[in-house]
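**Student:** Numbering (the numbering used here), first residue to last: 73 to 321. Could you have a look at this structure, given as structure tokens, before my questions?
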């Protein structure tokens, strides 16, 4: 007979309590990481094509621009302004709260900084009285939301050297806008799908307090046709795994 004592079996109640505390700590850690470091987002619309597509799941960095009440879950009104504030750069892809309701998450590109004068003339972007350099990359046929469209691909290059591709669908009401002076503590945002984006041209500038984070990387992308059990639907998925949003495209 062995003299080694055996541990008494734990009761179901003790196991439940241990599981409860384990899950509780996991939730606390997840909320901490989400609040301080990174937050995932899903792209629901085509306003940022061709950089971001419907079905993209991306990660934004929360620490890049500092923190506001919108960095916290449910945006509690505990304080105003930003802590450890850092100014975005022109061309950054930014997640923010829509200024019309301070609740809905939007994602656009930073075009104008505080003090900038922003205008669109004949479909071309102007900053501070100077036309932003652009290159016409030609037309292509694309499918968006089940519809076939002919778009003109245009590469814009910001004064800081940041370069990105936009889509031009032709003459629209957004092709000519008045000069907008960006107030202190605000930013002018636009979508890359210029003629199919509701942005600062429509609803005005965004307060610095509303910034949530900078788009960093596309984790995965799942379009409407994707089915795990149908490998022939994986083409879109395979092309958009761990795609950096910081590089020029």
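Ideal placement from N, C-alpha and C gives every residue a C-beta, glycine not left out. Bear in mind that the values here come from a model prediction, so they are computed numbers and not experimental data.
Let me check understanding here. Comparing Cα to Cα, which of 315, 242, 281 and 316 lies closest to residue 154?
**Tutor:** Indexing the chain shown from 1 puts residue 154 at position 82. Closest by C-alpha distance to residue 154, out of 315, 242, 281 and 316, is 281.
**Student:** Considering only C-alpha positions, which residue in the set 151, 232 and 213 is nearest to residue 224?
**Tutor:** The count along the chain shown starts at 1 and reaches residue 224 at position 152. If we check each option's Cα against that of residue 224, 213 comes out closest.
**Student:** Starting from residue 193 and walking both ways along the beta strand (DSSP E), at which residues does that stretch end?
**Tutor:** Locating residue 193 in the chain shown gives position 121, where the first residue counts as 1. It spans 189 to 193 - the beta strand (DSSP E) in which residue 193 sits, taken as one unbroken run.
**Student:** Near residue 200, which residues of its chain fall below 8 Å by C-beta distance, leaving aside the five closest residues on each side in sequence?
**Tutor:** Start at 1 with the first residue of the chain shown, and residue 200 comes out as number 128. Excluding positions up to five away in sequence, the list reads 188 and 189.
**Student:** Report whether the distance from the Cβ of residue 125 to the nearest heavy atom of the ligand PLP is below 6 Å.
**Tutor:** The ligand PLP is absent from the structure shown, which contains no ligand whatsoever.
**Student:** Between which two residues does the beta strand (DSSP E) carrying residue 175 extend?
**Tutor:** Position 103 of the chain shown, counted from the start, is the residue given in the question as residue 175. Residue 175 -> no beta strand (DSSP E), and no H or E assigned at all.
**Student:** With C-beta atoms as the reference, is residue 129 less than 7 Å away from residue 291?
**Tutor:** Along the chain shown, read from residue 1 onward, the residue named residue 129 stands at position 57. Along the chain shown, read from residue 1 onward, the residue named residue 291 stands at position 219. In this structure, residue 291 lies closer than 7 Å to residue 129 by Cβ.
**Student:** For residue 164, does the three-state DSSP call read helix, strand or coil?
**Tutor:** Numbered from its first residue, the chain shown carries residue 164 at position 92. Looking at residue 164 - three-state DSSP - the assignment turns out to be coil, as it is neither helix nor strand.
**Student:** Quick check on this structure: which residue in 167, 113, 273 and 253 has the alpha carbon closest to the alpha carbon of residue 139?
**Tutor:** Position 67 of the chain shown, counting from 1, holds the residue named residue 139. Closest by alpha carbon: 167.
**Student:** Suppose you measure from the CA of residue 207 to the CA of residue 175; what does that come to, to the nearest Å?
**Tutor:** By 1-based counting over the chain shown, the position of residue 207 is 135. By 1-based counting over the chain shown, the position of residue 175 is 103. Distance between the alpha carbons of residue 207 and residue 175 is about 36 Å.
**Student:** Determine whether the beta carbon atoms of residue 113 and residue 183 lie at a separation below 7 Å.
**Tutor:** For this step, residue 113 is matched to residue 41 along the chain shown. For this step, residue 183 is matched to residue 111 along the chain shown. No; because the gap between Cβ atoms is not below 7 Å, this pair is not in contact.
**Student:** Kindly indicate which three-state DSSP category residue 198 falls into: helix, strand or coil?
**Tutor:** Taking the chain shown and counting its residues from 1, one reaches residue 198 at position 126. Of the three classes helix, strand and coil, the one that applies to residue 198 here is strand, per DSSP.
**Student:** So for residue 84, helix, strand or coil by DSSP?
**Tutor:** Locating residue 84 in the chain shown gives position 12, where the first residue counts as 1. It is helical.
**Student:** Run through DSSP, which three-state label would residue 121 get?
**Tutor:** Numbered from its first residue, the chain shown carries residue 121 at position 49. The answer is coil: DSSP assigns residue 121 none of H, G, I, E or B.
**Student:** Per DSSP, which one or two residues make a beta bridge with residue 224?
**Tutor:** In the chain shown, counting from the first residue as 1, residue 224 sits at position 152. In the DSSP assignment, the residues bridged to residue 224 are 211 and 240.
**Student:** In the DSSP assignment, the beta strand (DSSP E) including residue 286 goes from what residue to what residue?
**Tutor:** Against the chain shown, residue 286 aligns to sequence position 214. Run containing residue 286: 283 to 293, per the beta strand (DSSP E) assignment.
**Student:** With distances taken Cα to Cα, identify the nearest neighbour of residue 237 among 244, 231 and 227.
**Tutor:** By one-based count along the chain shown, residue 237 stands at place 165. Of 244, 231 and 227, the residue nearest in Cα terms is 227.
**Student:** The beta strand (DSSP E) that contains residue 132, what's its start and end?
**Tutor:** Counting from one through the chain shown, the residue named residue 132 turns up at place 60. Residue 132 -> beta strand (DSSP E) spans 128 to 133.
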